[in-house]
Amino acid sequence: MTIKKLIKGGIVIIAGTLIGSVANYAYNTLTGRFLGPENYGIFTSLMSLLAIVSVPMMAIQTVSAKFSSKFLAENRLGKVRALVSSLHRRLWPIGVAAALMIMILSGFVGRYLHIPSLVPIFILAIIFIVAFLVPITRGVIQGMQKFFQLSINTSLDALFRLGIGMALIALGFKVNGAVGGVVAGTVLAYLFSFLPIRNILKHSSEPFDKKKIMEYSWPTVVVILCLTALVNADIIMAKHYLPPVEAGHYAALSTIAKIIFYFSGPIVSVMFPMISDLYSKGERHYHLLITTLIGVFGASMAILVFFTLAPQFTIKMLYGQQFISVWHFLPSMGLVMVLYGLVNVMANYFLSINKMKFVPFLVFFTVLEVILLSFFNSSISVFIIISMLSQIVLLITLFSLYLIDKWSMISEKLHLAKEEE
Numbered sequence: 001m002t003i004k005k006l007i008k009g010g011i012v013i014i015a016g017t018l019i020g021s022v023a024n025y026a027y028n029t030l031t032g033r034f035l036g037p038e039n040y041g042i043f044t045s046l047m048s049l050l051a052i053v054s055v056p057m058m059a060i061q062t063v064s065a066k067f068s069s070k071f072l073a074e075n076r077l078g079k080v081r082a083l084v085s086s087l088h089r090r091l092w093p094i095g096v097a098a099a100l101m102i103m104i105l106s107g108f109v110g111r112y113l114h115i116p117s118l119v120p121i122f123i124l125a126i127i128f129i130v131a132f133l134v135p136i137t138r139g140v141i142q143g144m145q146k147f148f149q150l151s152i153n154t155s156l157d158a159l160f161r162l163g164i165g166m167a168l169i170a171l172g173f174k175v176n177g178a179v180g181g182v183v184a185g186t187v188l189a190y191l192f193s194f195l196p197i198r199n200i201l202k203h204s205s206e207p208f209d210k211k212k213i214m215e216y217s218w219p220t221v222v223v224i225l226c227l228t229a230l231v232n233a234d235i236i237m238a239k240h241y242l243p244p245v246e247a248g249h250y251a252a253l254s255t256i257a258k259i260i261f262y263f264s265g266p267i268v269s270v271m272f273p274m275i276s277d278l279y280s281k282g283e284r285h286y287h288l289l290i291t292t293l294i295g296v297f298g299a300s301m302a303i304l305v306f307f308t309l310a311p312q313f314t315i316k317m318l319y320g321q322q323f324i325s326v327w328h329f330l331p332s333m334g335l336v337m338v339l340y341g342l343v344n345v346m347a348n349y350f351l352s353i354n355k356m357k358f359v360p361f362l363v364f365f366t367v368l369e370v371i372l373l374s375f376f377n378s379s380i381s382v383f384i385i386i387s388m389l390s391q392i393v394l395l396i397t398l399f400s401l402y403l404i405d406k407w408s409m410i411s412e413k414l415h416l417a418k419e420e421e
């Protein structure tokens with residue numbers, strides 16, 4: 001039943017997020033076409049910076065999903081209500097402070113990324129006022145296993161971004177308009193995210209152990225930071241080290257390759273609350289991990305095959321003739337994303353069962369990749385090779401940790417069985 005639920009949930013959330021994925025890709029490719037390589041490099045570097053700075057927000061959704069799933073498994077809806085209220089009270093002042101901090105540091109950010117105007121950085125800072133709150137409600141929706149409603153909300157975010165952002169670009173606001181569309185989409189999606197959880201909010205709050213949430217939160221923040229940096233730090237560093245046009249080309253390659261993750265990532269979103277729920281009840285869950293790995297690998301390889309067979313067509317269709325010169329890098333960039341998708345599965349699996357031994361290894365390889373790119377950054381091919389090698393070694397390490405943990409459990413059971421005899 002659980003495997004069927006995983007497959008069904010995966011299909012639902014992939015189908016539901018298809019609209020959002022198409023809208024996101026339309027937005028990324030249209031901004032690339034209308035802004036050109038140099039301005040597009042500015043836009044994508046700011047989006048990558050947002051992704052890395054937004055790590056606490058993604059960690060908040062993971063924590064919210066984890067504990068709302070646990071409370072729902074215990075049928076304690078009042079605790080879910082209290083969780084939502086508690087997180088809102090603590091996080092909105094942090095969002096305001098983060099927005100002010102980004103504005104204060106805008107000069108440094110502009111110089112590092114070679115951005116001539118600070119206006120888009122100031123616009124981007126506005127998003128933090130609500131961005132710390134969106135993952136609270138989305139995490140509860142995920143914990144409730146309302147995957148269709150979750151995908152609808154993320155799709156609304158993308159559709160608002162596309163409509164408002166392209167309108168602003170058409171009015172001549174260029175990079176400022178592109179960033180403004182992202183801000184508007186986030187604000188509107190947050191307002192709509194209360195609809196699926198409105199019944200839970202009607203319950204009276206029940207006390208819950210906040211200490212456990214804090215103990216789980218810090219390693220989760222570190223994990224999300226590393227996972228985000230693995231596919232975004234290279235874009236920021238490319239913008240810093242490569243010539244403007246080449247940095248724009250690299251950003252386009254990375255954005256196209258992320259199609260693989262857009263189709264495989266939703267499967268992990270389904271796996272996380274299901275395994276967390278089974279683990280809380282002390283039930284078997286390993287079969288869900290294997291099914292998820294197979295699903296992610298299969299979906300990723302199907303897209304990679306298409307990239308390999310038609311790289312020129314893919315780039316020309318999405319970005320136009322001005323990006324076509326880097327077509328031969330697309331298959332290798334796609335392979336990086338296939339490997340990353342599997343790394344993402346394993347990291348989220350360990351998080352869902354509260355096994356944190358993998359965190360130091362994840363941190364080590366993430367930092368190592370950044371250090372290597374700081375010294376070796378002469379071309380697009382060097383960036384891709386370093387990223388690929390980092391993902392391969394990290395994936396082998398995570399699989400090894402899983403097998404060691406599994407073998408330890410089997411050995412312990414055999415030892416107990418012998419003692420009983």
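Under full-length UniProt numbering, the residues of the sequence shown are numbered 1 to 421, in order.
Don't be surprised by glycine CBs; every beta carbon is placed ideally from N, CA and C.
Because the structure is a prediction, the values reported are computed rather than measured.
Beta-carbon proximity list for residue i, same chain, < 6 Å, skipping 5 on both sides
| i | result |
| --- | --- |
| Ile164 | Gly181, Ala184 |
| Ser300 | Ile260, Ser264, Val338, Gly341 |
| Ala158 | Gly20, Ala23, Asn24 |
| Trp327 | Pro311, Gln312, Ile315 |
| Ser280 | Lys70, Ala73 |
| Ile102 | Ala125 |
Residue i versus the options, residue with shortest Cα-Cα distance
| i | options | result |
| --- | --- | --- |
| Ser352 | Ser400, Leu289, Leu372 | Leu289 |
| Ser205 | Phe375, Phe329, Gly78, Ile235 | Gly78 |
| Phe71 | Pro311, Ile371, Asp277, Ala125 | Asp277 |
| Leu201 | Phe313, Met101, Arg76 | Arg76 |
| Leu171 | Leu35, Ile324, Ala51, Leu318 | Leu35 |
| Asp209 | Phe43, Ile259, Val80 | Val80 |
| Leu100 | Phe128, Arg90, Leu87, Arg89 | Phe128 |
| Ser48 | Pro266, Ser254, Phe361 | Ser254 |
| Met356 | Lys281, Asn199, Asp405, Lys211 | Asp405 |
| Ile104 | Ile324, Phe122, Pro266 | Phe122 |
| Trp218 | Phe192, Thr291, Ser400, Asn354 | Asn354 |
| Leu401 | Gln391, Leu368, Phe358, Leu389 | Phe358 |
| Ser325 | Pro37, Trp407, Ala26, Phe147 | Pro37 |
| Lys239 | Arg111, Gln145, Leu168 | Arg111 |
| Val268 | Phe329, Asn344, Tyr216 | Asn344 |
C-alpha distance - residue i paired with residue j, whole-angstrom precision
| i | j | result |
| --- | --- | --- |
| Thr154 | Ala189 | 7 Å |
| Ala23 | Leu156 | 9 Å |
| Leu398 | Met337 | 16 Å |
| Val194 | Pro116 | This sequence places Phe at residue 194; Val is not what is there. Approximately 39 Å between the Cα atoms of the pair. |
| Ile410 | His287 | 16 Å |
| Gly107 | Leu124 | 14 Å |
| Ile386 | Ile136 | 35 Å |
| Leu113 | Leu46 | 9 Å |
| Pro360 | Leu230 | 15 Å |
| Val393 | Leu403 | 15 Å |
| Thr186 | Arg161 | 8 Å |
| Ile42 | Leu50 | 12 Å |
Integer Cβ distance of residue i from residue j, believed to fall under 8 Å
| i | j | result |
| --- | --- | --- |
| Ser21 | Tyr262 | 5 Å |
| Glu246 | Ile380 | 7 Å |
| residue 422 | Val363 | Outside the modelled stretch of the chain, which goes from 1 to 421, sits residue 422, for which no answer is possible. |
| Val109 | Thr220 | Contact doesn't hold; Cβ gap of about 26 Å is too wide. |
| His140 | Ile197 | According to the sequence displayed, residue 140 carries Val and not His. Contact holds; Cβ gap of about 5 Å. |
| Ile315 | Ile384 | Not really, about 15 Å apart at Cβ, beyond 8 Å. |
Own chain residues within Cβ distance below 8 Å of residue i, not counting five before or after
| i | result |
| --- | --- |
| Tyr40 | Thr31, Gly32, Gly248, Ala251, Ala252 |
| Met57 | Ala131, Phe132, Val134, Pro135 |
Spatial neighbours of residue i in its chain, beta-carbon cut-off 7 Å, leaving aside the 5 residues before and after
| i | result |
| --- | --- |
| Leu342 | Leu293, Val296, Phe297, Leu395 |
| His203 | Leu77, Gly78, Arg81 |
Distance cut-off 7 Å: residue i Cβ against heavy atoms of the ligand NAD
| i | result |
| --- | --- |
| Ser374 | This structure does not include the ligand NAD; it has no bound ligands of any sort. |
Item to check | Inter-stretch contact (C-beta, 8 Å, three-pair minimum) for the segment 272 to 279 and the segment 342 to 356 | outcome: Verdict: yes, contact present.
Checklist entry - Taking one C-beta from the segment 81 to 96 and one from the segment 127 to 144 each time, how about it: are there three or more such pairs within less than 8 Å? => result With a cut-off of 8 Å, the segment 127 to 144 and the segment 81 to 96 count as touching, because enough Cβ pairs lie within range.
Checklist entry - Quick check: the segment 227 to 237 against the segment 301 to 319, are there 3 or more CB pairs under 8 Å? => result Put simply, the segment 227 to 237 does not touch the segment 301 to 319. Fewer than three CB pairs are less than 8 Å apart.
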